[in-house]
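Visitor:
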Amino acid sequence: MVLEERPAGVSLRALLEERGLLPYVQTGLMAVLVNGRAVSPTELAFYVVSPKDKIAVVPVARGG
Numbered sequence: 001m002v003l004e005e006r007p008a009g010v011s012l013r014a015l016l017e018e019r020g021l022l023p024y025v026q027t028g029l030m031a032v033l034v035n036g037r038a039v040s041p042t043e044l045a046f047y048v049v050s051p052k053d054k055i056a057v058v059p060v061a062r063g064g
């Protein structure tokens, strides 16, 4: 899933919470990429999204 660009000053955590994805990211079921780099769930509140950032939230594959 790719999220649309947001105005500057929006924290990544707030954006994920707004979309209902935060619980999945916090439990490790989904991973967050900002500009192609993985962001740890513990770092979500420290990232501020700018209009130039590309954010992707992808499911984490679990083997079985």
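Here the working numbering is used: the first residue of the sequence shown is 1, the next is one more, and so on. Ideal Cβ positions, reconstructed from N, Cα and C, are used throughout, including at glycine.
How about A45 and S11: do their beta carbons lie closer than 9 angstroms?
Guide: The residue you call residue 45 lines up with position 45 of the sequence shown. The residue you call residue 11 lines up with position 11 of the sequence shown. Yes.
Visitor: For a quick check, are the C-beta atoms of V60 and L29 less than 9 angstroms apart?
Guide: Position 60 of the sequence shown, counted from the first residue, corresponds to residue 60. Position 29 of the sequence shown, counted from the first residue, corresponds to residue 29. Yes, Cβ-Cβ distance for V60 and L29 is below 9 angstroms.
Visitor: Is the beta carbon of V25 sitting closer than 9 angstroms to the one on P51?
Guide: For the purposes of this step, residue 25 is identified with residue 25 of the sequence shown, where counting begins at 1. For the purposes of this step, residue 51 is identified with residue 51 of the sequence shown, where counting begins at 1. Against a cut-off of 9 angstroms, the Cβ pair of P51 and V25 comes out as no contact.
Visitor: Assuming D53 and V32 make a contact with CB atoms under 8 angstroms, what is their CB distance in whole Å?
Guide: Here residue 53 corresponds to residue number 53 of the sequence shown, with the count starting at 1. Here residue 32 corresponds to residue number 32 of the sequence shown, with the count starting at 1. The pair is not a contact, with the Cβ atoms about 11 angstroms apart (cut-off 8 angstroms).
Visitor: With DSSP as the reference, identify every bridge partner of V10, one or two as the case may be.
Guide: Locating residue 10 in the sequence shown gives position 10, where the first residue counts as 1. Its beta-bridge partners are V49.
Visitor: The alpha helix (DSSP H) spanning P23 covers which residue range?
Guide: Numbered from 1 along the sequence shown, position 23 holds the residue referred to as residue 23. Where P23 is concerned, the enclosing alpha helix (DSSP H) stretches over 22 to 26.
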